[in-house]
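A.B. asks: Starting off with a structure, shown below.
Protein chains: 2
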Amino acid sequence: MALEPVLSHIDDALPAALDRLKEVLRIQSISTDPAYKANCDAAADWLVADLKSFGVEAEKRPTPGHPMVVGHIDGPGPHLLFYGHYDVQPVDPLELWNSDPFDPQIEDTNQGPVIRGRGASDDKGQLMTFVEACRAYKSVHGSLPCKITFFFEGEEESGSPSLIPFMKENAAELSADLALICDTSMVAPGVPSIASQLRGMLKDEFTIHGPRIDLHSGHYGGPGLNPLKVLGQVIASFHDDTGRVAVEGFYDGVQEVPDEILRQWENCGFDEAAYLNSVGYTRPHGEEGYSTLVQQWARPTLEINGIWGGYQGAGSKTVIPAEAHCKLTCRLVGDMEPEALRRNLRAHVEAQLPVDARVVWNNDLDGSKAAVMNIARPEFEKARGALSEEWNREAVFSGMGGSIPIAGFFKDILGLDAMLIGFAQEDDAIHSPNEKYNVESFHKGMRSWARVLDALSK
Amino acid sequence: MALEPVLSHIDDALPAALDRLKEVLRIQSISTDPAYKANCDAAADWLVADLKSFGVEAEKRPTPGHPMVVGHIDGPGPHLLFYGHYDVQPVDPLELWNSDPFDPQIEDTNQGPVIRGRGASDDKGQLMTFVEACRAYKSVHGSLPCKITFFFEGEEESGSPSLIPFMKENAAELSADLALICDTSMVAPGVPSIASQLRGMLKDEFTIHGPRIDLHSGHYGGPGLNPLKVLGQVIASFHDDTGRVAVEGFYDGVQEVPDEILRQWENCGFDEAAYLNSVGYTRPHGEEGYSTLVQQWARPTLEINGIWGGYQGAGSKTVIPAEAHCKLTCRLVGDMEPEALRRNLRAHVEAQLPVDARVVWNNDLDGSKAAVMNIARPEFEKARGALSEEWNREAVFSGMGGSIPIAGFFKDILGLDAMLIGFAQEDDAIHSPNEKYNVESFHKGMRSWARVLDALSK
Numbered sequence: 001m002a003l004e005p006v007l008s009h010i011d012d013a014l015p016a017a018l019d020r021l022k023e024v025l026r027i028q029s030i031s032t033d034p035a036y037k038a039n040c041d042a043a044a045d046w047l048v049a050d051l052k053s054f055g056v057e058a059e060k061r062p063t064p065g066h067p068m069v070v071g072h073i074d075g076p077g078p079h080l081l082f083y084g085h086y087d088v089q090p091v092d093p094l095e096l097w098n099s100d101p102f103d104p105q106i107e108d109t110n111q112g113p114v115i116r117g118r119g120a121s122d123d124k125g126q127l128m129t130f131v132e133a134c135r136a137y138k139s140v141h142g143s144l145p146c147k148i149t150f151f152f153e154g155e156e157e158s159g160s161p162s163l164i165p166f167m168k169e170n171a172a173e174l175s176a177d178l179a180l181i182c183d184t185s186m187v188a189p190g191v192p193s194i195a196s197q198l199r200g201m202l203k204d205e206f207t208i209h210g211p212r213i214d215l216h217s218g219h220y221g222g223p224g225l226n227p228l229k230v231l232g233q234v235i236a237s238f239h240d241d242t243g244r245v246a247v248e249g250f251y252d253g254v255q256e257v258p259d260e261i262l263r264q265w266e267n268c269g270f271d272e273a274a275y276l277n278s279v280g281y282t283r284p285h286g287e288e289g290y291s292t293l294v295q296q297w298a299r300p301t302l303e304i305n306g307i308w309g310g311y312q313g314a315g316s317k318t319v320i321p322a323e324a325h326c327k328l329t330c331r332l333v334g335d336m337e338p339e340a341l342r343r344n345l346r347a348h349v350e351a352q353l354p355v356d357a358r359v360v361w362n363n364d365l366d367g368s369k370a371a372v373m374n375i376a377r378p379e380f381e382k383a384r385g386a387l388s389e390e391w392n393r394e395a396v397f398s399g400m401g402g403s404i405p406i407a408g409f410f411k412d413i414l415g416l417d418a419m420l421i422g423f424a425q426e427d428d429a430i431h432s433p434n435e436k437y438n439v440e441s442f443h444k445g446m447r448s449w450a451r452v453l454d455a456l457s458k
Numbered sequence: 001m002a003l004e005p006v007l008s009h010i011d012d013a014l015p016a017a018l019d020r021l022k023e024v025l026r027i028q029s030i031s032t033d034p035a036y037k038a039n040c041d042a043a044a045d046w047l048v049a050d051l052k053s054f055g056v057e058a059e060k061r062p063t064p065g066h067p068m069v070v071g072h073i074d075g076p077g078p079h080l081l082f083y084g085h086y087d088v089q090p091v092d093p094l095e096l097w098n099s100d101p102f103d104p105q106i107e108d109t110n111q112g113p114v115i116r117g118r119g120a121s122d123d124k125g126q127l128m129t130f131v132e133a134c135r136a137y138k139s140v141h142g143s144l145p146c147k148i149t150f151f152f153e154g155e156e157e158s159g160s161p162s163l164i165p166f167m168k169e170n171a172a173e174l175s176a177d178l179a180l181i182c183d184t185s186m187v188a189p190g191v192p193s194i195a196s197q198l199r200g201m202l203k204d205e206f207t208i209h210g211p212r213i214d215l216h217s218g219h220y221g222g223p224g225l226n227p228l229k230v231l232g233q234v235i236a237s238f239h240d241d242t243g244r245v246a247v248e249g250f251y252d253g254v255q256e257v258p259d260e261i262l263r264q265w266e267n268c269g270f271d272e273a274a275y276l277n278s279v280g281y282t283r284p285h286g287e288e289g290y291s292t293l294v295q296q297w298a299r300p301t302l303e304i305n306g307i308w309g310g311y312q313g314a315g316s317k318t319v320i321p322a323e324a325h326c327k328l329t330c331r332l333v334g335d336m337e338p339e340a341l342r343r344n345l346r347a348h349v350e351a352q353l354p355v356d357a358r359v360v361w362n363n364d365l366d367g368s369k370a371a372v373m374n375i376a377r378p379e380f381e382k383a384r385g386a387l388s389e390e391w392n393r394e395a396v397f398s399g400m401g402g403s404i405p406i407a408g409f410f411k412d413i414l415g416l417d418a419m420l421i422g423f424a425q426e427d428d429a430i431h432s433p434n435e436k437y438n439v440e441s442f443h444k445g446m447r448s449w450a451r452v453l454d455a456l457s458k
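Sequence order for the protein chains is A and B. The opening position of the first sequence corresponds to residue 1 in the UniProt record's numbering, with each subsequent residue numbered one higher. The opening position of the second sequence corresponds to residue 1 in the UniProt record's numbering, with each subsequent residue numbered one higher.
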């Protein structure tokens, strides 16, 4: 099927596509708040109707929470599963919005026009780039170049409680050759990006116990073992002087970034100084010898997220407290095994403790492996080529410092590799007041998907 | 004046003395709670009347807070100022008391009889040991062997806001040769003790700032500087592996305990193992090479009293917080200068900080020097001899881990050396439910003061 008329159609139909996006943005589908249950349902209904409007066999599918939307449309090429989510984050603090979060408007900015409103970027705007690309194909050619399954959830912003059970129960229906996900950012403005690796996560929490009860530092100050001091020593023991994590076995399963990928990252337009300066840093503080991007995309971390113990009120209290608390998370890369890491981490902490101190662990916190995309599959280079053409610059396989569990679920439950292509900008303010999506992201996003479908069908 | 008849009179009059103690214990003189203002006033009135009943010229003296009681009685010997306080701690949690805290009762225990009630030990019972000794002298001999000024305050348990102004305004009236204070414990049951050194205190608090705002550990985990990690490193830097404080200049002004005092402490009946085990320790955790008592009485400390930062709720939050907080106190001994120590401490913390971290100090917290009693004065050996006779075992010059500012005030404002003799037991539960005072402490306390007055008058 010819690509050029599809791209022209997308250009001509941009105002109509923006009108449709505004329609779905007006639906207040805040998934975490039960008060918006009917709104979530309405968003699912809207999507079902929209998919049906260009020939997709689509259905709203009930779950114990908000419904899924599943749609199928045939085509000659490979079978692709496209995932997105129609639910959005809450809008508070409402007073920080400059306009009604659910009355989307096109606004001119120094980045060009943007569409502003809750969900404009995360994820309704991104989701619709793919839907619109499919619609354009159907309009121009009467059919699609690939077989597509649409799979939209309404609980992504509230922990996806129904996702895994639904995928397990409907594994046959959701089977495909490759999953596509549009919920990520570009590494820099104008730089098309395929997220090729997401870090995993290990969560843990411990309490160091010292004396049986809180003690008075007049009576016991000196001979008394202070768990706050012990916690400080434990925290200090986690890293060596070069920023490397000093837990034995921590780096098991970590690979260095291949030169080819490293070259892409070095040329991806990421402005290291601006990124660091924006939060008050003059240099990166992770492992020596790695750039900021590598530290954040391809190196594991051990991060203290919370500490507390003893007196925290005004003034002073001469207490040696009985307990000190610490929450931490590790970011995982490569083949790091969360539970093996947990054992190593805990053994490390136990080994730091002096006589008369003991540690109690919270056993309710989970872990997930890093997701490393299977970029050896030919679809990845095809898609990269398609994106490079659309954006007139080489697309990059980018890393991501965060964790998106959905990619792992596709692999584990459905045996599906996932390809993450997104057009969001770092400054889209997702989860924050005044969320926006650049009209360029929307427009070129639609065109990008048209090109990707074309490339994958060949 | 003959001592023996005074001691006999004290023995005979014990029931009457206990009745008087019960009377004053029934007065709910909780100084920190404005609801008990009239009760504090009533306690002062009771003391004025009681002092007058045996010929002391006593007056209630107003202050902006609760009144002082000042009384004078003449005698041939040296002029002694006796200090005590008539106010008590609140009684909550009331449900943990086995009897009404303000309905004192004599109770038989395996330590012999005790009088139970709020203030029985701290400080009404202790205060009355001295008053009763004076009364007995007056009954037997018609006069006292020394000139005495009584000085009782009603705000000791609520920060003594009126004490320093009152002492300054009435310095001439409060002048004497030596101050006596009865508000301390014996180092072990049956071991008479003169507190010869109290530790001072330096309070400080700081906040370590890292990034300008809280960061997401997916985005910045790796290159991001985490103030919680920096705080851990700062805390770990405070002590070396032997438990010694590693702050430069920290030990300036610290002297080793003289052998003669050390010998007294080694034989004072202090049960180190029981003291440590009672709170869950198997060994002392302070500076290596010093016993538990020396660590707690005669060595300075740097103690972390509170830490907080980042996420402290349920579950996990992937945050790199902007701030980490730490409260600490140092216990001072010898000639350590609080403000010099503060400068050294702060310089130490600043020196630990990596690039992009900064520290902000709370400048509202004070410090006080250690109080080292002038035991070279002959009165101290006289009193030690008197106590040794009464208790049939050598009295000791004991240290105290805590800080009692009043001794320093007597020195600074009135130029008075203070001698602290007390008969409380470690298990008296002062400030706690079911406070008690051993009847033996009360009885032998009265006899002890009679002997001390006798010894000092010679």
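Backbone N, C-alpha and C define an ideal beta-carbon position, used for all residues, glycine too.
With a threshold of 7 Å between beta carbons, is A:Ser316 in contact with chain B?
C.D. replies: A:Ser316 counts as touching chain B.
A.B. asks: Can you pull the chain B residues whose beta carbon is under 8 Å from the beta carbon of A:Ile320, in chain order?
C.D. replies: Result: Glu303, Asn305.
A.B. asks: Can you pull out the residues from the region 201-229 of chain A whose beta carbon lies closer than 8 Å to at least one beta carbon of chain B?
C.D. replies: Hits within the stretch, in order: Met201, Lys203, Glu205, Gly210, Pro211, Arg212, Ile213, Leu215, His216, Ser217, Gly218, His219, Tyr220, Gly221, Gly222, Pro223, Gly224, Leu225, Asn226, Leu228, Lys229.
A.B. asks: From what residue to what residue does the alpha helix (DSSP H) around A:Asp50 run?
C.D. replies: 37-53 is the extent of the alpha helix (DSSP H) around A:Asp50.
A.B. asks: Which word fits A:Leu94, buried or exposed, when buried means at least 16 other C-beta atoms lie within 10 angstroms of its C-beta?
C.D. replies: Classification of A:Leu94: exposed, given that the 10 Å Cβ count is below 16.
A.B. asks: Quick one: what does DSSP say A:Thr292 is sitting in, helix, strand or coil?
C.D. replies: Looking at A:Thr292 - three-state DSSP - the assignment turns out to be helix.
A.B. asks: CB-CB under 7 Å to B:Asp364, same chain, minus the five flanking residues each way: which ones, in chain order?
C.D. replies: For B:Asp364, where only same-chain residues beyond five positions count, there are no Cβ hits under 7 Å.
A.B. asks: Could you name the residues of the same chain whose beta carbon sits closer than 7 Å to that of A:Pro405, not counting the 5 residues immediately before and after it, in chain order?
C.D. replies: Excluding residues within five positions, the ones whose Cβ falls inside 7 Å are Ser368.
A.B. asks: With DSSP as the reference, identify every bridge partner of A:Trp361, one or two as the case may be.
C.D. replies: Beta-bridge pairing links A:Trp361 to A:Phe206.
A.B. asks: In three-state DSSP terms, what is A:Ala418?
C.D. replies: Strand.
A.B. asks: Taking only beta carbons into account, state which residues of the region 146-167 of chain B come closer than 7 Å to chain A, listed in chain order.
C.D. replies: Those would be none; no residue qualifies.
A.B. asks: If you compare alpha carbons, which of B:Gln111, B:Pro5, B:Ala370 is closest to B:Tyr437?
C.D. replies: Comparing Cα positions, the closest option is B:Gln111.
A.B. asks: Below 8 Å on C-beta distance, what does B:Tyr311 contact in chain C?
C.D. replies: In the structure shown, chain C cannot be found, because the protein chains are A and B.
A.B. asks: Count the other C-beta atoms from every protein chain shown that fall within 10 angstroms of the C-beta of A:Asp122, then say buried if there are 16 or more, exposed otherwise.
C.D. replies: Looking at its Cβ environment, which holds 16 or more other Cβ atoms inside 10 Å, A:Asp122 is buried.
A.B. asks: Answer yes or no: do B:Glu287 and B:Gly243 have a C-beta to C-beta separation smaller than 7 Å?
C.D. replies: A contact, by the Cβ cut-off of 7 Å.
A.B. asks: Out of curiosity, what's the CA-to-CA distance linking B:Arg199 and B:Phe410?
C.D. replies: Cα to Cα, the separation comes out at about 16 Å.
A.B. asks: Checking contacts by CB at 7 Å: is A:Pro284 closer than that to chain B?
C.D. replies: Interface residue, yes.
A.B. asks: Is any beta-carbon of chain A found at less than 7 Å from that of B:Val279?
C.D. replies: Yes, contact with chain A.
A.B. asks: Going by DSSP, name the residue or residues bridged to A:Thr301.
C.D. replies: Paired residues: A:Arg331.
A.B. asks: In chain A, what lies closer than 8 Å to B:Arg26 by C-beta?
C.D. replies: Correct list: empty, because the minimum Cβ distance to chain A is about 29 Å.
A.B. asks: Taking the alpha carbon of A:Asn344 as the point to measure from, which residue in A:Gly117, A:Lys168, A:Leu202 has its own alpha carbon closest?
C.D. replies: It is A:Leu202 whose Cα lies nearest to the Cα of A:Asn344.
A.B. asks: Span of the alpha helix (DSSP H) holding B:Leu228?
C.D. replies: Unbroken alpha helix (DSSP H) run through B:Leu228: 227-237.
A.B. asks: How long is the line joining the alpha carbons of B:Val319 and A:Gln295, rounded to whole angstroms?
C.D. replies: When rounded, the distance between both Cα atoms is 17 Å.
A.B. asks: Is B:Ala386 helix, strand or coil when you go by DSSP?
C.D. replies: Residue state, collapsed to three classes: helix.
A.B. asks: Using CA coordinates, which residue listed in A:Gly125, A:Ser193, A:Gly75, A:Leu180 is at the minimum distance from A:Gly385?
C.D. replies: Ranking A:Gly125, A:Ser193, A:Gly75, A:Leu180 by Cα distance to A:Gly385 puts A:Ser193 first.
A.B. asks: Are there 16 or more other CB atoms within 10 angstroms of the CB of A:Ser8, so buried, or fewer, so exposed?
C.D. replies: When all chains shown are included, A:Ser8 counts as exposed.
A.B. asks: Given that B:Ser403 touches chain A, what residues does it touch there, using C-beta distances under 8 Å?
C.D. replies: By Cβ distance, chain A contributes Gly218.
A.B. asks: Please identify, using Cβ separations under 7 Å, the residues of the region 106-138 of chain B that lie next to chain A, in order along the chain.
C.D. replies: Answer set for the region 106-138 of chain B: empty.
A.B. asks: Cβ of B:Ile421 less than 7 Å from any chain A Cβ?
C.D. replies: Chain A contact via Cβ: absent.
A.B. asks: Closer than 8 Å by beta-carbon distance: list the chain B residues that pair up with A:Thr292, in chain order.
C.D. replies: Gly222, Pro223, listed in chain order.
A.B. asks: Whole angstroms are fine: how far does the CA of B:Leu276 sit from the CA of B:Val283?
C.D. replies: The identity of residue 283 of chain B in the sequence shown is Arg, whereas the question assumes Val. C-alpha separation (whole angstroms): 7 Å.
A.B. asks: Using CA coordinates, which residue listed in A:Ala35, A:Ala395, A:Glu440, A:Leu25 is at the minimum distance from A:Ile261?
C.D. replies: Of the listed residues, the one whose Cα sits closest to A:Ile261 is A:Ala395.
A.B. asks: Would A:Gln425 count as contacting chain B if we go by Cβ distances under 7 Å?
C.D. replies: Chain B contact via Cβ: absent.
A.B. asks: Can you name the residues of chain B whose CB is closer than 7 Å to the CB of A:Ala43?
C.D. replies: Those do not exist, as A:Ala43 stays about 26 Å from chain B at its closest Cβ, beyond 7 Å.
A.B. asks: Going by CA-CA distance only, name the one from A:Val439, A:Ser441, A:Glu323 that's closest to A:Asp214.
C.D. replies: Measuring from the Cα of A:Asp214, the nearest candidate turns out to be A:Glu323.
A.B. asks: Quick one: using the 10 Å Cβ neighbour count with 16 as the cut-off for buried, is A:Glu23 buried or exposed?
C.D. replies: Classification for A:Glu23: exposed.
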